[in-house]
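Chains as they are written, first to last, in the working numbering: chain R, 17 to 257; chain E, 17 to 257. The C-beta atom is built at its ideal place from N, Cα and C for all residues, glycine as well. Since the structure comes first, as structure tokens, the remarks are kept for the end.
There are 2 protein chains.
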Amino acid sequence: MTETRFSRLNRAPAYKLVYDTIEADIVSGRLADGALLPTEGALAEQFGVHRSTVREGIRLLEQQGLIARGAAKRMVVAAPKTADTAARASKGLALHGVTFDEVWAALALFQPEAARLAARHMTPDALIALAAINDALGQQQSSEQTVESAFAFFQAIAAASGNRVILVQLQSLNLLIATSLARVIDALPNASARIRDAQKNLIIAFEARDADKAAEWMRKHIDDLRRGYEVAGVATDTKVV
Amino acid sequence: MTETRFSRLNRAPAYKLVYDTIEADIVSGRLADGALLPTEGALAEQFGVHRSTVREGIRLLEQQGLIARGAAKRMVVAAPKTADTAARASKGLALHGVTFDEVWAALALFQPEAARLAARHMTPDALIALAAINDALGQQQSSEQTVESAFAFFQAIAAASGNRVILVQLQSLNLLIATSLARVIDALPNASARIRDAQKNLIIAFEARDADKAAEWMRKHIDDLRRGYEVAGVATDTKVV
DNA sequence: CAATTCCTATTGTCGGACAACCGGTTTATA
DNA sequence: TATAAACCGGTTGTCCGACAATAGGAATTG
């Protein structure tokens with residue numbers, strides 16, 4: 017048996033170090049949002065590694081959403097946006113093959129509380145935005161637009177929380193449900209009207225800063241969503257894709 | 017001006033196609049969890065691309081958490097685990113530099129509802145697990161162990177939901193708070209005892225399947241956590257790192 | 001049969017190369 | 001002169017080939 021006085025030191029591969037270094041620069045702001053990432057060649061030279069190695073690190077950054085392809089192919093720094101983080105979280109959940117049931121239960125659990133919070137934090141601007149979304153819903157007809165409006169309304173409520181953690185988690189749920197929402201709205205001719213009424217009630221509660229009422233209307237709205245799925249004949253154990 | 021009858025077709029780079037293809041195989045189960053990914057050379061041959069290109073695709077899969085370095089350097093397929101998804105979501109939020117305030121508000125909003133749900137879905141096994149965690153908390157002294165137990169208790173409640181969406185979202189919050197929890201427990205000598213009592217009350221509520229009481233005790237528990245931070249002198253706008 | 005020594009497969013990294021493509025510049029044209 | 005076409009340099013996407021390090025297994029040896 018050889019001596020084992022030294023613990024296995026696991027050198028991280030160079031591409032990982034490239035990732036870590038650039039990540040730190042982006043998070044700390046040394047690489048500002050929107051800035052062009054240095055060219056692969058320049059990075060390779062700075063890090064003293066081969067361009068292939070740099071590219072592997074860049075792929076990690078890309079998947080993490082910290083950089084994105086810019087106009088001129090050059091990679092641009094993309095300081096994390098809540099919307100992107102939410103999308104990434106949604107994708108993670110979608111990969112689990114979560115069912116509509118699960119997403120709905122999460123919505124039922126969290127959205128009423130989110131509405132309660134929104135009622136307390138509601139600003140005039142946010143109220144105007146909500147009203148505008150509701151107005152738009154009243155004037156349009158295509159189901160895509162209806163889905164878009166319903167989604168935007170939920171997103172606006174999430175934004176009203178003024179809390180990035182809550183915002184991201186709610187947006188994740190909204191994204192998960194949005195993909196299947198179209199099916200319900202397509203199947204139910206009066207869906208748009210029901211959604212519009214629910215939104216109106218919520219807006220009234222928000223205007224009055226009545227957290228309890230907001231939570232209650234939201235609960236009804238979410239319940240109604242589920243009934244919509246049942247009536248539309250969408251199996252609740254359908255995987256959200 | 018040249019004719020523009022054809023819309024710009026943007027071919028995804030080959031490394032992205034490699035990623036997409038393997039991702040689909042993992043999600044669909046064609047590549048089972050724990051299976052060894054084919055060697056880079058084999059993949060390059062199958063896809064008809066160069067090994068460098070395959071490696072870039074593999075880096076994307078790695079960052080997405082769909083594969084991981086196995087024992088024998090070979091990459092092994094890692095079908096998404098909820099814990100990993102939660103960790104990834106937490107990291108995304110951490111990159112935003114979210115503050116303790118925000119995480120706490122999210123906990124205050126969601127955990128009582130989660131406790132309510134847990135009370136309804138509580139199984140004998142889950143109850144035993146919770147009691148075991150509580151017992152362990154009573155016997156240990158090091159603050160690391162205390163943090164570990166407090167964290168485990170929250171995780172167990174999240175698991176009791178029986179809902180992967182809720183599970184992942186709660187676990188994300190737990191991870192975010194856990195990093196800073198140690199500071200409070202270190203600073204407050206009676207923290208462990210207070211946590212133990214709170215857990216006991218929660219367990220009693222769970223045993224009685226009393227959702228309202230569970231939610232109420234959880235609310236107090238979370239409130240107490242905040243007081244702990246205040247007493248310990250941790251600024252609430254501290255970034256969760 | 002256990003410990004040790006090859007041997008082989010695979011990854012991590014490197015060097016170099018080239019086509020495609022984008023933005024900007026120069027040149028030709030109305 | 002204004003505009004369109006041709007050109008050019010820089011960058012990315014991809015490829016080819018190569019090699020050191022290392023882990024696992026096979027062969028060898030005691």
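With contacts defined by Cβ atoms closer than 9 Å, residue 81 of chain R and residue 100 of chain R form a contacting pair. With contacts defined as CB atoms closer than 9 Å, residue 132 of chain R and residue 28 of chain R fail to qualify as a contacting pair. Excluding its 5 nearest sequence neighbours in each direction, residue 41 of chain R has C-beta neighbours in its own chain below 7 Å: 47, listed in chain order.
Residues of chain E whose Cβ lies closer than 9 Å to the Cβ of residue 201 of chain R do not exist; the shortest such Cβ separation is about 22 Å. The beta carbon of residue 105 of chain E sits closer than 9 Å to some beta carbon of chain R. Where residue 225 of chain R is concerned, there is no enclosing alpha helix (DSSP H), because DSSP gives it neither an H nor an E. Counting C-beta pairs closer than 8 Å gives three or more between the stretch 236-247 of chain R and the stretch 191-211 of chain R, which meets the contact rule.
Judged by DSSP secondary structure, residue 114 of chain R falls outside any alpha helix (DSSP H); it is assigned neither H nor E.
Within a 10 Å sphere around the beta-carbon of residue 237 of chain E sit 16 or more other beta-carbons, which makes this residue buried. Short of 7 Å from the beta carbon of residue 135 of chain E, and not among the five residues preceding or following it, lie these beta carbons of its own chain, in chain order: 221, 222, 225, 226, 227, 230. Any Cβ of chain E closer than 9 Å to the Cβ of residue 182 of chain R would place that residue at the interface, and such an atom is present. Beta-bridge analysis with DSSP links residue 85 of chain R to R:91. Rounded to whole angstroms, the gap between the alpha carbons of residue 90 of chain R and residue 239 of chain R is 47 Å.
A distance of 9 Å or more separates the beta carbons of residue 116 of chain R and residue 189 of chain R. Contact with chain R is absent for residue 237 of chain E, since none of that chain's Cβ atoms lies less than 9 Å from the residue's Cβ. Cβ proximity to chain R below 7 Å picks out 68, 71, 72, 75, 76 from the stretch 61-77 of chain E. Shown here, residue 52 of chain R sits in a strand according to DSSP, grouped into three states. One thing to note: residue 94 of chain R has its Cβ no nearer than 9 Å to the Cβ of residue 103 of chain R. Of all alpha-carbon atoms in E:152, E:257, E:151, E:235, the one lying nearest the alpha-carbon of residue 197 of chain E is that of E:257. Separation of the CB atoms of residue 200 of chain R and residue 248 of chain R is rounded to 5 Å, and the pair is thereby assigned contact status at 8 Å. Residue 50 of chain R counts as exposed, since fewer than 16 other beta carbons sit within 10 angstroms of its beta carbon. Residue 62 of chain E counts as exposed, since fewer than 16 other C-beta atoms from the protein chains shown sit within 10 angstroms of its C-beta. In the three-state scheme derived from DSSP, where H, G and I count as helix and E and B as strand, residue 97 of chain E is classed as coil.
Per the C-alpha coordinates, the member of R:180, R:77, R:144, R:76 positioned closest to residue 215 of chain R is R:144. One thing to note: residue 186 of chain E has its Cβ no nearer than 9 Å to the Cβ of residue 106 of chain E. At a cut-off of 9 Å between beta-carbon atoms, residue 188 of chain R makes contact with chain E. Interface with chain R (9 Å Cβ-Cβ cutoff): residue 43 of chain E is included. If you keep only unbroken alpha helix (DSSP H) runs of at least 4 residues inside the stretch 156-218 of chain R, you get 159-176, 180-203.
Annotation: the continuous alpha helix (DSSP H) that includes residue 32 of chain E extends over 30-44. Classified as exposed, residue 55 of chain R has fewer than 16 neighbouring CB atoms from the shown chains inside 10 Å of its CB. Restricting attention to E:69, E:159, E:111, the CA atom closest to the CA of residue 98 of chain R is found in E:111.
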